[in-house]
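Residues in the sequence shown are numbered consecutively from 49, following this note's numbering. The beta carbon of each residue, even a glycine, is placed where N, CA and C say it ideally should be. As the structure is a prediction and not an experimental result, all values here were calculated from the model. What follows is one structure encoded as structure tokens, with my remarks underneath.
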Amino acid sequence: MTYEMDIAGLKRDLPLCKVSDDLYIGAFVMFGDVELTVHCATELLERAPEYDYLIAPEAKAIPLLYEMARQSGANKYFLARKGAKNYMRGTFEVNVKSITTEEVQRLVIDTADAELIKGKRMLIVDDVISTGESLRAMEELVTKAGGIIAGKMAVLAEGDAQERNDIITLAPLPLFNPDGTVKE
Numbered sequence: 049m050t051y052e053m054d055i056a057g058l059k060r061d062l063p064l065c066k067v068s069d070d071l072y073i074g075a076f077v078m079f080g081d082v083e084l085t086v087h088c089a090t091e092l093l094e095r096a097p098e099y100d101y102l103i104a105p106e107a108k109a110i111p112l113l114y115e116m117a118r119q120s121g122a123n124k125y126f127l128a129r130k131g132a133k134n135y136m137r138g139t140f141e142v143n144v145k146s147i148t149t150e151e152v153q154r155l156v157i158d159t160a161d162a163e164l165i166k167g168k169r170m171l172i173v174d175d176v177i178s179t180g181e182s183l184r185a186m187e188e189l190v191t192k193a194g195g196i197i198a199g200k201m202a203v204l205a206e207g208d209a210q211e212r213n214d215i216i217t218l219a220p221l222p223l224f225n226p227d228g229t230v231k232e
């Protein structure tokens with residue numbers, strides 16, 4: 049089963065994936081789809097508030113983050129990793145539980161990155177906002193590092209996130225019943 053999406057004028061068929069016995073989601077994956085990544089980055093940048101740096105959570109938003117930085121001429125962007133890496137000299141971290149992950153995860157930035165974020169207007173970018181947990185964790189991480197939230201953006205708003213007016217998105221993504229119909 050698939051769901052045809054119109055993402056700011058670009059059409060894609062999203063496979064429907066089981067989350068639980070009564071909930072399916074449309075799998076939106078930008079990895080490997082250069083046309084989609086470039087298109088979404090362009091469209092989001094047209095809607096973006098003023099900011100100093102972009103930041104996104106690892107992993108599905110990485111191509112979007114890179115392309116937005118490239119198109120805007122930025123030489124630096126930040127990625128919140130899902131765990132501390134050996135090259136990090138120290139870390140700032142928060143916990144997150146998202147709809148697509150079974151376990152609680154950590155989002156981590158290096159203290160050197162935190163120093164650069166301090167006092168800067170940060171634009172949080174993600175591929176899909178659903179429960180808002182990843183977004184909440186990103187806001188906490190930026191604030192903990194001393195950054196200022198300039199805005200929050202995602203390509204798609206899924207489920208209840210469609211009702212939020214604090215996130216700039218390109219399109220809504222419904223939730224689905226096991227038979228592929230849209231949940232009401």
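Can the beta-carbon of residue i be found less than 7 Å from the beta-carbon of residue j?
i           : j           : result
residue 84  : residue 74  : no
residue 89  : residue 112 : yes
residue 126 : residue 174 : no
residue 105 : residue 128 : yes
residue 230 : residue 222 : yes
residue 206 : residue 176 : yes
residue 218 : residue 76  : no
residue 216 : residue 95  : yes
residue 228 : residue 53  : no
What residue range is occupied by the uninterrupted beta strand (DSSP E) comprising residue i?
i           : result
residue 52  : 50 to 55
residue 101 : 101 to 105
residue 200 : 196 to 206
residue 72  : 71 to 74
residue 221 : 216 to 221
residue 224 : Neither: residue 224 is in no beta strand (DSSP E) and is coded neither H nor E.
residue 126 : 126 to 128
Please classify residue i: does DSSP put it in a helix, a strand, or coil?
i           : result
residue 58  : strand
residue 159 : helix
residue 111 : helix
residue 165 : helix
residue 209 : helix
residue 185 : helix
residue 193 : coil
residue 137 : coil
residue 120 : helix
residue 170 : strand
residue 67  : strand
Among the options, whose alpha-carbon lies nearest the alpha-carbon of residue i?
i           : options               : result
residue 82  : 114, 71 and 100       : 114
residue 72  : 183, 187, 178 and 192 : 178
residue 35  : 92, 100, 220 and 106  : Nothing in the structure corresponds to residue 35, since the chain is present only between 49 and 232.
residue 163 : 76, 191, 122 and 108  : 191
residue 159 : 141, 60 and 172       : 141
residue 137 : 144, 143, 156 and 121 : 156
residue 118 : 86, 182 and 204       : 86
residue 225 : 70, 206 and 49        : 70
residue 152 : 123, 182 and 66       : 182
residue 188 : 214, 144 and 122      : 144
residue 60  : 68, 66 and 51         : 51
residue 58  : 101, 67 and 78        : 78
residue 299 : 122, 184 and 53       : The requested residue 299 is not part of the displayed model; the chain covers only 49 to 232.
residue 186 : 228, 130 and 53       : 130
residue 213 : 66, 180 and 116       : 180
residue 107 : 232, 208, 66 and 154  : 154
At what residues does the alpha helix (DSSP H) containing residue i begin and finish?
i          : result
residue 84 : 82 to 95
### Query
Any chance the segment 185 to 202 sits against the segment 161 to 168, with 3 or more Cβ pairs inside 8 Å?
Segments in contact, yes.
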